[in-house]
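Asks: I'd like to ask some things about the structure below.
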Amino acid sequence: MTIRKIARMGHPILKLPAEPVKDPGAPEIRALVEDMIETMIDANGAGLAAPQVHEGLRVVIFQAPGARAEGGLDEEEAFDHTAPLTVLINPEIEPQSDEMEEGWEGCLSVPGLRGLVPRYTDIVYKGVGLDGKPMERRAKGFHARVVQHECDHLDGILYPQRMSDLGKLIFESEVRHWLASGRKP
5 MTIRKIARMG HPILKLPAEP VKDPGAPEIR ALVEDMIETM IDANGAGLAA
55 PQVHEGLRVV IFQAPGARAE GGLDEEEAFD HTAPLTVLIN PEIEPQSDEM
105 EEGWEGCLSV PGLRGLVPRY TDIVYKGVGL DGKPMERRAK GFHARVVQHE
155 CDHLDGILYP QRMSDLGKLI FESEVRHWLA SGRKP
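In structure tokens, the structure reads:
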């Protein structure tokens, strides 16, 4: 396993749509996923997409541990926020309603910044696992946010492009001041 260099905002690989994976069980895909897991853990990320490690393939990994979710989530919003480490190949996302909610996001490819990003609150995602078997899950709350964020990378989209107000793009070091001020998103 190798810790790979993470592409940062502005790198051309992050602007291109990723290519579908033809053989999810291929040795090179397994090696890529192992490297992605090692890289994500090293960078303390909640997820990682193949384009972020300079591979233009439709592969994402993510986990949604409760410790990473914003505090104060009600039971419905926190639904399944403890998604285990998941490898998702050739993913598709289907929103289950038009309801969206803003939440703070950061990105390993946009280091040092956080932004309030609107995301669907209830989704179903589909794809295949590393074993090539179909996978389908419903996700809400933080779990849904992480999946949408990572899958955006496969379409060449970074979270600032999803923001409705760039005035809510701030340095990580200032988030605590924003929250302490009592300002609403």
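Be aware that the sequence shown starts at 5, since it is given in my numbering, and climbs by one per residue.
Heads up, the beta-carbon is just placed ideally off N, CA and C, and yes, glycines get one too.
Alpha carbon to alpha carbon, how far is GLU32 from LYS26?
Replies: For GLU32 and LYS26, the distance between alpha carbons rounds to 12 Å.
Asks: Sort GLU42, VAL64, GLY51 by Cα distance to LEU134 and report the nearest one.
Replies: For the residues GLU42, VAL64, GLY51, the minimum Cα distance to LEU134 belongs to VAL64.
Asks: Grouping DSSP H, G and I as helix and E and B as strand, with all else coil, what is ARG34?
Replies: In the structure shown, ARG34 sits in a helix (DSSP, three-state: H, G or I).
Asks: Could you have a look at ALA68 and say whether DSSP puts it in helix, strand or coil?
Replies: Residue state, collapsed to three classes: strand.
Asks: Considering ALA184, what are the terminal residues of the alpha helix (DSSP H) in which it resides?
Replies: That run of the alpha helix (DSSP H) goes 179-184.
Asks: I need the DSSP call for ILE174, collapsed to helix, strand or coil.
Replies: Note: ILE174 maps to strand in three-state DSSP.
Asks: Within the chosen definition, does the segment 171-186 reach the segment 97-105 through at least 3 CB pairs nearer than 8 Å?
Replies: They do not touch, by the three-pair rule.
Asks: Under 8 Å, with one C-beta from each stretch per pair, do the segment 142-158 and the segment 43-52 reach the 3-pair mark?
Replies: Cβ pair count under 8 Å is three or more, so yes.
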